[in-house]
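According to our numbering, the sequence shown is numbered sequentially starting from 4.
We put the CB at the ideal spot given by N, CA and C, even for glycine.
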Amino acid sequence: MISVKWQDNQVAMIDQTKLPHSYEVIKTRDLNRIAEAIYKLEIRGGPAIGVTVAYGMAIAAQDSKGMNVKEILNNLEEAKKILNVRPTASNLVWGLEHMENYAKKLLKEDPTVELGELMVEEAKRLAANEIETNLKMAEFGMQVIPDNANIITQCNTGALCTVGIGHVMGTVFYAHQQGKKLHVFTDETRPRLQGAKLNVYELDKNNIPYTLVTDNTAAYLMQLGKVDLVMVGADRMVANGDAAAKIGVYMLAVLAHFHKIPFYMFATTATIDMKTKTGKGIEIEERDPDEVRVIDGAQITIPNANVLNYAFDVTPHELYTAIITERGIIIPPFDENIKKLMAS
4 MISVKWQDNQ VAMIDQTKLP HSYEVIKTRD LNRIAEAIYK LEIRGGPAIG
54 VTVAYGMAIA AQDSKGMNVK EILNNLEEAK KILNVRPTAS NLVWGLEHME
104 NYAKKLLKED PTVELGELMV EEAKRLAANE IETNLKMAEF GMQVIPDNAN
154 IITQCNTGAL CTVGIGHVMG TVFYAHQQGK KLHVFTDETR PRLQGAKLNV
204 YELDKNNIPY TLVTDNTAAY LMQLGKVDLV MVGADRMVAN GDAAAKIGVY
254 MLAVLAHFHK IPFYMFATTA TIDMKTKTGK GIEIEERDPD EVRVIDGAQI
304 TIPNANVLNY AFDVTPHELY TAIITERGII IPPFDENIKK LMAS
């Protein structure tokens with residue numbers, strides 16, 4: 004299952020808002036429609052978004068055929084503005100900047116280059132790299148999963164979140180394939196229910212033993228001794244290791260710390276923002292209050308209820324046991340060891 008790919012000279016995205024009830028694919032070359040899909044979470048997950056905007060930049064390059072260099076670069080800059088619709092995830096900004104810099108490099112070397120097709124190939128290369136990254140991360144991540152482990156997680160970090168088998172759940176799928184016995188508790192992940200809708204969908208398809216629980220059940224599960232480790236994925240990690248992740252992850256980290264349960268944060272190197280020193284520098288996205296007031300079309304509170312709807316929270320690195328990346332497992336001191344990893 005590939006969440007986003009290049010098909011028929013356009014972007015093809017699995018509409019994740021329709022799952023698990025129906026499987027539908029959005030196909031488009033319209034940058035505004037791609038941006039809408041990202042904002043509405045029709046396509047979601049940092050790595051998947053990063054590849055999606057790379058394809059979007061390739062479309063902008065294709066549509067610039069026949070223009071001079073200045074006009075092409077203006078088009079790409081405008082495409083960046085259209086596609087940059089979610090502020091927290093590092094992969095989105097990384098994908099946009101990588102593709103713009105790649106275009107500038109090609110145009111500097113040869114102003115008459117067939118930029119559009121080369122940009123498409125570069126976006127495809129990024130997608131292929133993500134698939135390889137998934138597998139490498141799964142190999143490292145599997146090392147921290149004991150046999151007969153009960154894992155708890157928040158949000159969806161499987162294939163739908165990436166362009167391969169996934170990160171956290173990709174590790175679970177891989178460990179299961181290698182014969183490890185395990186069980187996953189997946190939080191619903193309110194208000195958009197990515198755990199209930201997407202994790203359950205993927206876990207079921209991969210024949211992984213799982214139990215769906217409400218977000219506020221995690222503490223009691225830990226108190227009962229039913230959780231062996233916490234595994235979650237970062238949407239943005241900064242230089243000292245602090246990470247923005249789906250709202251509720253910080254809660255799991257605090258609970259795990261209190262109950263002395265190992266806590267593992269998964270982050271690809273593309274997710275690590277070395278320009279930002281601590282979690283205080285991360286901009287946290289606030290989303291539409293109606294995501295809380297209305298669930299699957301049903302009004303669950305009064306129409307004008309006051310709502311605060313953070314999409315992410317920030318977990319301090321002091322609460323981690325380790326960070327899992329595609330280049331290896333990072334242990335404390337995180338600021339020093341992240342710097343070493345990123346410089347290698």
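Would you tell me roughly how many angstroms separate the C-alpha atoms of residue i and residue j, rounded to the nearest one?
i           : j           : result
residue 334 : residue 68  : 48 Å
residue 8   : residue 41  : 14 Å
residue 31  : residue 230 : 43 Å
residue 111 : residue 181 : 48 Å
residue 20  : residue 44  : 7 Å
residue 71  : residue 120 : 17 Å
residue 84  : residue 11  : 25 Å
residue 128 : residue 62  : 15 Å
residue 233 : residue 86  : 33 Å
Does DSSP put residue i in a helix, in a strand, or in coil?
i           : result
residue 289 : strand
residue 166 : coil
residue 236 : strand
residue 220 : helix
residue 10  : strand
residue 215 : strand
residue 20  : coil
residue 302 : strand
residue 230 : coil
residue 69  : coil
residue 297 : strand
residue 247 : strand
residue 155 : strand
residue 116 : coil
residue 37  : helix
Give the range of the alpha helix (DSSP H) segment to which residue i is assigned.
i           : result
residue 146 : It is not in any alpha helix (DSSP H) - residue 146 carries neither H nor E in the DSSP assignment.
residue 60  : 49 to 65
residue 85  : 72 to 86
residue 111 : 93 to 112
residue 259 : 252 to 262
residue 309 : Here residue 309 belongs to no alpha helix (DSSP H), and DSSP marks it neither H nor E.
residue 341 : 337 to 346
If you follow the beta strand (DSSP E) that residue i is part of, which residue opens it and which one closes it?
i           : result
residue 268 : 266 to 269
residue 331 : 331 to 333
residue 43  : That residue, residue 43, is in no beta strand (DSSP E); it is neither H nor E in DSSP.
residue 316 : 315 to 318
residue 30  : 28 to 31
residue 325 : 325 to 328
Using a Cβ-Cβ distance cut-off of 9 Å, determine whether residue i contacts chain D.
i          : result
residue 56 : In the displayed structure, chain D is absent; only one protein chain is listed.
Can we count residue i as close to the ligand NAD, meaning its CB is less than 8 Å from some heavy atom?
i          : result
residue 99 : This structure lacks the ligand NAD; in fact it carries no ligand of any kind.
Check whether the region 127 to 141 touches the region 155 to 175, counting contact only when three or more Cβ pairs, one atom from each stretch, lie closer than 8 Å.
-> Taking a cut-off of 8 Å for Cβ pairs, the region 127 to 141 and the region 155 to 175 touch, as three or more such pairs fall below it.
Is it true that the region 290 to 302 meets the region 251 to 260, where meeting means three or more beta-carbon pairs spaced less than 8 Å apart?
-> They do not touch, by the three-pair rule.
Only counting runs of 3 or more residues, tell me where the beta strand (DSSP E) segments fall wholly within the region 173 to 203, in order along the chain.
-> Listed in chain order, they are 185 to 190.
Any chance the region 151 to 161 sits against the region 169 to 186, with 3 or more Cβ pairs inside 8 Å?
-> The answer is yes - the region 169 to 186 touches the region 151 to 161, with three or more Cβ pairs under 8 Å.
Cβ contact check for the region 213 to 221 and the region 183 to 193: 3 or more pairs under 8 Å | Yes, the region 213 to 221 touches the region 183 to 193.
Could you tell me whether the region 238 to 246 touches the region 84 to 103, where touching means 3 or more Cβ pairs closer than 8 Å?
-> Cβ pair count under 8 Å is three or more, so yes.
May I ask you to verify whether the region 307 to 316 touches the region 269 to 278, counting CB pairs closer than 8 Å and requiring at least 3?
-> Verdict: no, contact absent.
Taking contact to mean at least 3 C-beta pairs separated by less than 8 Å, is the region 140 to 156 in contact with the region 336 to 344?
-> Contact check between the region 140 to 156 and the region 336 to 344: fewer than three CB pairs, one atom from each, fall below 8 Å, which does not count as touching.
Cβ pair count under 8 Å reaching 3, the region 221 to 229 against the region 195 to 203 | No, because fewer than three Cβ pairs between the region 221 to 229 and the region 195 to 203 fall closer than 8 Å, the two stretches do not touch.
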